[in-house]
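To start, the structure under review is shown below, and the notes come after it.
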Amino acid sequence: MRLQFILSEIGLGLRRNLSMTISVILVTFVSLTFVGAAALLQTQIGKMKDDWYDKVEVSVFLCPQNSTAPTCASGEVTDDQKADIQAALASPEVKPFVEKVYTETKEQAYDAFQKQFKDQFWASAATVDDMNSSYRIKLTDPEKYSVVSEVISGRAGVEEVKDQQRLFDRLFSVLNNATLLAGGLALVMLLAAVLLITTTIRLSALSRKRETGIMRLVGASTVFIQLPFMLEGAIAATIGALLAVGGLWVGVTYLVDDWLGESAGWIPYVSTSDVLTIAPVLIGVAILLAAISSLVTLSRYTKV
Amino acid sequence: MIRFENVTKVYARGARPALDRVSLDVERGEFVFLVGASGSGKSTFLRLVLREERASAGRVFVAGKELGTLSSWKVPTLRRHIGAVFQDFRLLPNKTVFENVAFALQVIGKPRHHILTTVPDTLEMVGLAGKEKRRPHELSGGEQQRVAIARAFVNRPNILLCDEPTGNLDPTTSLGIMRLLDRINRTGTTVVMATHDDEIVDQMRKRVIELSTGSMVRDQSRGVYGSDR
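Protein chains in written order, with full-length UniProt numbering: chain A, 1 to 304; chain B, 1 to 229.
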């Protein structure tokens with residue numbers, strides 16, 4: 001009897017305030033989509049870091065024959081200069097950050113170059129002597145790039161020190177800013193959602209003032225009086241959250257999997273399973289929103 | 001059943017008290033008229049018994065419980081033992097007579113079979129048998145008040161509070177309502193009725209408590225409406 005009665009009350013309330021219910025659903029939908037997008041962006045960054053930070057290395061390009069760099073004034077790098085650089089890499093200030101050093105000769109570099117750009121016209125024009133021989137340094141901690149860079153760059157025989165991580169960091173900062181933007185918009189929308197749910201519950205409570213008045217009079221418990229209103233807000237918000245999950249799922253499927261995956265498939269992308277991972281969080285946020293709104297409103301409008 | 005000890009109620013700070021040091025006792029099974037001009041404190045008295053308001057000073061006891069110290073989560077339980085009837089009936093317009101009365105039991109979680117047996121019994125008792133499916137606007141004022149009384153009485157409360165129940169009704173209809181309240185009183189229910197209706201008070205010859213600007217000026221068993229008679 002109790003459950004049936006509460007359910008019918010909820011149905012009544014949702015139908016009576018249909019336009020408000022729909023607006024609550026839409027606002028939570030949009031706000032939680034932004035929350036979800038922010039979460040997915042962070043997941044994406046995490047995935048890229050996991051995948052790439054193992055591979056990134058610092059490249060120390062040694063002077064080729066005809067370089068204009070001031071450190072290459074003496075021409076192609078000599079064996080003495082190489083020994084000097086290797087000694088620097090083995091020095092106690094640098095050694096703890098270096099995991100491994102690979103040597104790439106200019107012949108190896110030429111082969112790799114030819115392989116990578118075999119169909120391009122400039123590949124046939126390049127010669128072995130145009131290539132740099134290089135040291136590829138794998139760092140124990142990719143963040144400690146600057147320590148290595150300071151010691152090595154500017155030495156005679158070193159044309160350039162390049163950190164691949166720098167490139168990624170620029171990309172990550174773009175993604176981080178996008179996260180901030182999505183998060184900021186989410187915050188504004190969440191505030192709008194709370195206010196809207198509050199208003200909806202208030203309207204619903206006012207339109208059923210007669211009923212709640214009689215309920216109080218005949219001794220219905222506070223929980224019993226307030227539960228339909230709370231559940232109304234929670235149901236509307238949950239529907240909004242489910243729509244947001246659906247929207248993100250569609251977005252990831254069509255935008256990321258189909259489109260990005262096709263055009264730049266070498267990047268590890270977020271997948272629909274990541275959407276499902278954040279789904280409970282989004283639904284939780286929706287229920288939390290509704291709960292906050294209920295607490296704010298109901299104590300005032302359905303007082304015992 | 002109801003006991004007021006030096007009860008004062010002030011609504012706004014500095015305002016004249018709505019009730020001023022009122023002390024009285026209403027025994028189980030009594031029928032009491034509460035009379036006095038508008039603003040004399042009758043409604044405040046009823047609201048204090050229902051614990052819709054708290055006394056500013058003094059103590060209110062209902063069914064042995066002191067309402068001033070009663071925690072608010074126990075208030076619903078208190079109200080299940082008190083029925084209330086008002087001048088404006090307060091029925092739900094989109095529910096039938098049966099649903100209006102059943103509502104009072106549904107919202108306190110009574111089981112279905114209990115509702116299905118109790119509601120028709122109560123409707124028959126108030127004289128509305130056969131009108132279960134009508135809606136309030138299809139009924140006369142007297143019939144609407146009977147629905148309201150059925151709703152107040154369906155849970156068999158110990159106390160029935162009536163705030164000018166005949167205020168909107170003609171004398172003949174009012175008489176019918178009074179007979180009904182008298183019958184309910186005879187089942188052992190304490191009835192407290194606030195009223196302006198001198199004819200009814202004079203006819204019934206029950207205990208009369210008169211309030212004037214918040215003070216109790218008369219408490220007379222088998223009394224009449226006007227104190228000058």
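Glycine included, each C-beta is placed from N, C-alpha and C at the ideal position.
{"query": "Neighbour flag for B:Ala55 against chain A, beta carbons, 7 Å", "result": "no"}
{"query": "Where the region 87–98 of chain B meets chain A: residues whose CB sits under 7 Å from a CB there", "result": "Arg90 and Leu92"}
{"query": "A:Ile267 - DSSP class collapsed to helix/strand/coil", "result": "coil"}
{"query": "Residue from A:Val281, A:Phe61, A:Gln114 and A:Ser124 whose Cα sits closest to the Cα of A:Tyr135", "result": "A:Phe61"}
{"query": "Cβ-based burial, B:Asn94 [other Cβ within 10 Å; buried from 16]", "result": "exposed"}
{"query": "Per DSSP, the bridge partner or partners of B:Asp219", "result": "B:Ile209"}
{"query": "Given A:Gly213 as reference, the closest of B:Ser40, B:Leu92, B:Val22 and B:Ser72 once Cα atoms are compared", "result": "B:Leu92"}
{"query": "Cβ-based neighbour list, A:Ala37, same chain, cut-off 6 Å, excluding 5 preceding and 5 following", "result": "Ala182"}
{"query": "Residues from the region 120–145 of chain B in contact with chain A, defined by Cβ distance under 7 Å", "result": "none"}
{"query": "7 Å Cβ shell around A:Ala186 - same chain, five flanking residues per side excluded", "result": "Ser31, Phe34, Val35 and Ala38"}
{"query": "A:Asp130, DSSP secondary structure in three states", "result": "helix"}
{"query": "C-alpha distance - A:Gln120 paired with A:Val98, whole-angstrom precision", "result": "35 Å"}
{"query": "Reduced DSSP secondary structure (H/G/I, E/B, other) of A:Val250", "result": "helix"}
{"query": "Through-space distance from B:Glu132 to B:Leu105, alpha-carbon basis", "result": "16 Å"}
{"query": "Cβ contact check for the region 1–14 of chain A and the region 154–162 of chain A: 3 or more pairs under 8 Å", "result": "no"}
{"query": "Rounded separation between B:Pro136 and B:Glu52 - CA only", "result": "26 Å"}
{"query": "Closer than 6 Å: A:Ser146 CB and nearest the ligand SAH heavy atom", "result": "Judged by which ligands are present, the structure shown has none, so any question about the ligand SAH falls away."}
{"query": "Residue(s) in a DSSP beta bridge with B:Ala84", "result": "B:Leu161"}
{"query": "7 Å Cβ cutoff met for B:Val32 and B:Arg207", "result": "yes"}
{"query": "Option nearest A:Leu26 by Cα separation, candidates A:Pro268, A:Leu243 and A:Glu107", "result": "A:Leu243"}
{"query": "Residue of A:Gln114, A:Met131, A:Leu40 and A:Leu191 minimising C-alpha distance to A:Ala123", "result": "A:Gln114"}
{"query": "Backbone CA spacing between A:Asp141 and A:Glu104 [nearest angstrom]", "result": "22 Å"}
{"query": "Min CB distance B:Arg229 to chain A below 7 Å", "result": "Because B:Arg229 carries a pLDDT of 45, less than 50, the predicted location of this residue cannot be relied on, and no value is offered for it."}
{"query": "Spatial distance of A:Ser207 from B:Val101 (CA atoms)", "result": "21 Å"}
{"query": "Beta-carbon contacts of B:Arg6 that lie in its chain and below 8 Å, excluding the five residues immediately before and after", "result": "It should be noted that the sequence gives Asn, not Arg, for residue 6 of chain B. Answer for B:Asn6: Arg21, Val22, Ser23, Ala57, Gly58 and Arg59, listed in chain order."}
{"query": "Where the alpha helix (DSSP H) through A:Glu107 begins and ends", "result": "Lys106 to Gln116"}
{"query": "Any C-beta of chain B under 7 Å from that of A:Arg2", "result": "yes"}
{"query": "B:Val26, buried or exposed, once every other Cβ within 10 Å from all chains shown has been counted against 16", "result": "buried"}
{"query": "Under 7 Å by beta carbon: chain A residues contacting B:Ile108", "result": "Val218, Gly219 and Ala220"}
{"query": "Neighbour flag for B:Arg156 against chain A, beta carbons, 7 Å", "result": "no"}
{"query": "7 Å Cβ cutoff met for A:Ala234 and A:Leu282", "result": "no"}
{"query": "Environment of B:Phe4 [buried if 16+ CB atoms lie within 10 Å]", "result": "buried"}
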